[in-house]
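See below for the structure under consideration.
Protein chains: 2
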Amino acid sequence: MATYKTRAQFVADDLRGRILGGEFKGGTQLRQDALARDYDVSRIPVREALLTLESEGLVEFHAHRGAFTTELSVAKIRELFDLRVLLETYVLRHAMNGLTDANLKKAEDILLKYDEALNSGGDIDNWSEYNFAFHQALYAPADLPETLSLISQLNTKSDRYIRMQLVYTQEIEKAEREHHGLLELARQRDADKACELLKTHIQEACEGIVALLDERAKQAEAP
Amino acid sequence: MATYKTRAQFVADDLRGRILGGEFKGGTQLRQDALARDYDVSRIPVREALLTLESEGLVEFHAHRGAFTTELSVAKIRELFDLRVLLETYVLRHAMNGLTDANLKKAEDILLKYDEALNSGGDIDNWSEYNFAFHQALYAPADLPETLSLISQLNTKSDRYIRMQLVYTQEIEKAEREHHGLLELARQRDADKACELLKTHIQEACEGIVALLDERAKQAEAP
DNA sequence: TCACTGCAGTTTGTATACAGTATGCGAAAT
DNA sequence: ATTTCGCATACTGTATACAAACTGCAGTGA
Numbered sequence: 018m019a020t021y022k023t024r025a026q027f028v029a030d031d032l033r034g035r036i037l038g039g040e041f042k043g044g045t046q047l048r049q050d051a052l053a054r055d056y057d058v059s060r061i062p063v064r065e066a067l068l069t070l071e072s073e074g075l076v077e078f079h080a081h082r083g084a085f086t087t088e089l090s091v092a093k094i095r096e097l098f099d100l101r102v103l104l105e106t107y108v109l110r111h112a113m114n115g116l117t118d119a120n121l122k123k124a125e126d127i128l129l130k131y132d133e134a135l136n137s138g139g140d141i142d143n144w145s146e147y148n149f150a151f152h153q154a155l156y157a158p159a160d161l162p163e164t165l166s167l168i169s170q171l172n173t174k175s176d177r178y179i180r181m182q183l184v185y186t187q188e189i190e191k192a193e194r195e196h197h198g199l200l201e202l203a204r205q206r207d208a209d210k211a212c213e214l215l216k217t218h219i220q221e222a223c224e225g226i227v228a229l230l231d232e233r234a235k236q237a238e239a240p
Numbered sequence: 018m019a020t021y022k023t024r025a026q027f028v029a030d031d032l033r034g035r036i037l038g039g040e041f042k043g044g045t046q047l048r049q050d051a052l053a054r055d056y057d058v059s060r061i062p063v064r065e066a067l068l069t070l071e072s073e074g075l076v077e078f079h080a081h082r083g084a085f086t087t088e089l090s091v092a093k094i095r096e097l098f099d100l101r102v103l104l105e106t107y108v109l110r111h112a113m114n115g116l117t118d119a120n121l122k123k124a125e126d127i128l129l130k131y132d133e134a135l136n137s138g139g140d141i142d143n144w145s146e147y148n149f150a151f152h153q154a155l156y157a158p159a160d161l162p163e164t165l166s167l168i169s170q171l172n173t174k175s176d177r178y179i180r181m182q183l184v185y186t187q188e189i190e191k192a193e194r195e196h197h198g199l200l201e202l203a204r205q206r207d208a209d210k211a212c213e214l215l216k217t218h219i220q221e222a223c224e225g226i227v228a229l230l231d232e233r234a235k236q237a238e239a240p
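Chains as they are written, first to last, in my numbering: chain A, 18 to 240; chain B, 18 to 240.
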């Protein structure tokens, strides 16, 4: 299903990628007309795409002024990551019950595939997808689709900051080590330790991002 | 802000009310043309309204077949209410720290106002808003806007089932008693007991809804 | 100098018009 | 009798066109 894709969906998907990729910083205005020319469509599907992105929290509409990309404050970033800790440990714990070897195999496959990509080229662009796919594979056995959907939302909102951090630091290797650790603990069915590791995994990523933002703010102040 | 309201927003708000009010049961198709005539607008704002409702989980789009109202399974209802327990106890605990007398006063005002409305007429239509306003007043001191937004989402999704339950049972009085209890525990700054009460408050509402759905299913089977 | 008003230009929000696709029914083939 | 094909119909998804609203600037008045 969903073998067919409307133009609005195509624009939404591509534009999401561009926003998360950092092409539009700060609260820049997104002009419908310009985007329509970019994608060679009319403004209608562009508007629909922007509405979708609004519901995802990536842009905001101002009356008669159009859509602006959102900028998260440090407080909101912290809040998002705290929510991720709460929801993802909750789901992971539930997933540990019905965890089958097939589930573990799938998660491992994703992990190894990315290890390989990392060694050969180190392409960061796809990291978010790999990262998300690995986590989802671990969480899938919980069979909590609404919860996974919320987690997906939170990840989308925080994604561009995670990418920003990855570009400037060497966090990927650390994350990969932690992913392997998570998989090992899942194999042992040790829910407590796995949740603990997941918690620090998320929290440390958050601290890294906040530190980076602070540094940037200082540089901007005194160049 | 938001002093101006687009037609799309108006349609979305009204249509949300109609869906939550139970006007469209099951997975009924919502025809854009008919809705456009209903509201005396073109199909464009109707489409945008439907997209908004899709992001809220109230309708689903099928390719070239338009929007259908969603129907929640018992499993998903349970999942939603479990999430509410998780997030709302989390927020309530945080709110207990910075809780001021002004906050308590505001929550009490809402509660008393509704008690009054209940005694004089007992109008159920506004109950959802009152209920939500009371909970939000208690949660506000936590200063976690993203979290409150998620909670709001969950409430919207489960709202029509709550209403359904209220029509057929005498749950409102019970809920009101629990609200008073919650407020009292908040006054005493007893976070543990307050969270415990909130948990059962939500869980029992869930069980009531599930029981009602089961009953309906049986009636439909053997009329 | 500074605040306020009015006009031009730009951009959004919506109506209308058109093209494309899914569905259902009937006829033909097995 | 059952299945498959084709066509008519209805509805969606999108392009084009237009009206309303916001922004910025020039000019006036204090």
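C-beta atoms are modelled at their ideal positions from N, C-alpha and C, and glycine is treated no differently.
Every value quoted in this text rests on a predicted model; they were computed, and no experiment measured them.
Express the C-alpha separation of residue j and residue i in angstroms, rounding to a whole number.
i, j, result
"Leu-109/B", "Thr-45/B", "37 Å"
"Leu-161/A", "Gln-236/A", "44 Å"
"Phe-151/A", "Ile-179/A", "16 Å"
"Ala-29/B", "Ser-72/A", "13 Å"
"Trp-144/B", "Gly-198/A", "49 Å"
"Glu-77/B", "Glu-232/A", "44 Å"
"Lys-42/A", "Ser-59/B", "35 Å"
"Ala-203/B", "Ala-228/A", "36 Å"
"Leu-47/A", "Ala-134/A", "34 Å"
"Thr-117/A", "Pro-158/A", "8 Å"
"Leu-68/A", "Leu-215/B", "34 Å"
"Gly-115/A", "Leu-121/A", "11 Å"
"Lys-40/A", "Glu-88/B", "Just to set this straight, residue 40/A is Glu in the shown sequence, not Lys. In a straight line, the C-alpha of Glu-40/A is about 39 Å away from that of Glu-88/B."
"Ile-219/B", "Thr-173/B", "14 Å"
"Tyr-156/A", "Thr-106/A", "9 Å"
Does residue i come out as helix, strand or coil in the three-state DSSP assignment?
i, result
"Ala-80/A", "coil"
"Gln-49/A", "helix"
"Phe-41/B", "coil"
"Met-18/A", "Only weak support exists for where Met-18/A lies, its pLDDT of 31 falling under 50; the coordinates are left without a value."
"Thr-69/B", "helix"
"Thr-117/A", "coil"
"Thr-87/B", "coil"
"Arg-206/B", "coil"
"Leu-215/B", "helix"
"Val-227/A", "helix"
"Thr-164/A", "helix"
"Asp-57/B", "coil"
"Thr-106/B", "helix"
"Gln-26/A", "helix"
"Leu-75/A", "coil"
Determine the burial state of residue i: buried for a count of at least 16 other Cβ atoms within 10 Å of its Cβ, exposed for fewer.
i, result
"Val-91/B", "exposed"
"Ser-137/A", "exposed"
"Thr-86/A", "buried"
"Ala-124/A", "buried"
"Thr-20/A", "Residue placement at Thr-20/A is flagged as unreliable, the pLDDT there being 41, under the threshold of 50; the coordinate-derived value follows with that caveat. When all chains shown are included, Thr-20/A counts as exposed."
"Ala-129/A", "Reading the sequence as shown, one finds Leu at residue 129/A and not Ala. That one is exposed."
"Ala-267/B", "Any property of residue 267/B remains undetermined from this structure, which presents chain B solely from 18 to 240."
"Arg-177/B", "buried"
Would you kindly check if the distance between the Cβ of residue j and the Cβ of residue i is under 9 Å?
i, j, result
"Arg-101/B", "Leu-200/B", "no"
"Ala-84/A", "Thr-23/B", "no"
"Glu-188/A", "Ala-222/A", "yes"
"Glu-163/B", "Leu-97/A", "yes"
"Ala-66/B", "Gln-26/B", "yes"
"Met-113/B", "Ala-208/B", "yes"
"Asp-99/A", "Glu-193/A", "no"
"Leu-167/B", "Leu-167/A", "yes"
Shorter than 9 Å from the beta carbon of residue i to some beta carbon of chain B?
i, result
"Lys-93/A", "yes"
"Arg-64/A", "yes"
"Ser-72/A", "yes"
"Tyr-107/A", "yes"
Is any beta-carbon of chain A found at less than 9 Å from that of residue i?
i, result
"Leu-32/B", "no"
"Leu-75/B", "no"
"Ala-80/B", "yes"
"Gln-170/B", "yes"
"Thr-217/B", "no"
"Lys-174/B", "yes"
Going by the C-beta, is residue i closer than 8 Å to any heavy atom of the ligand COA?
i, result
"Ala-150/B", "Of ligands this structure carries none, so the ligand COA is not represented either."
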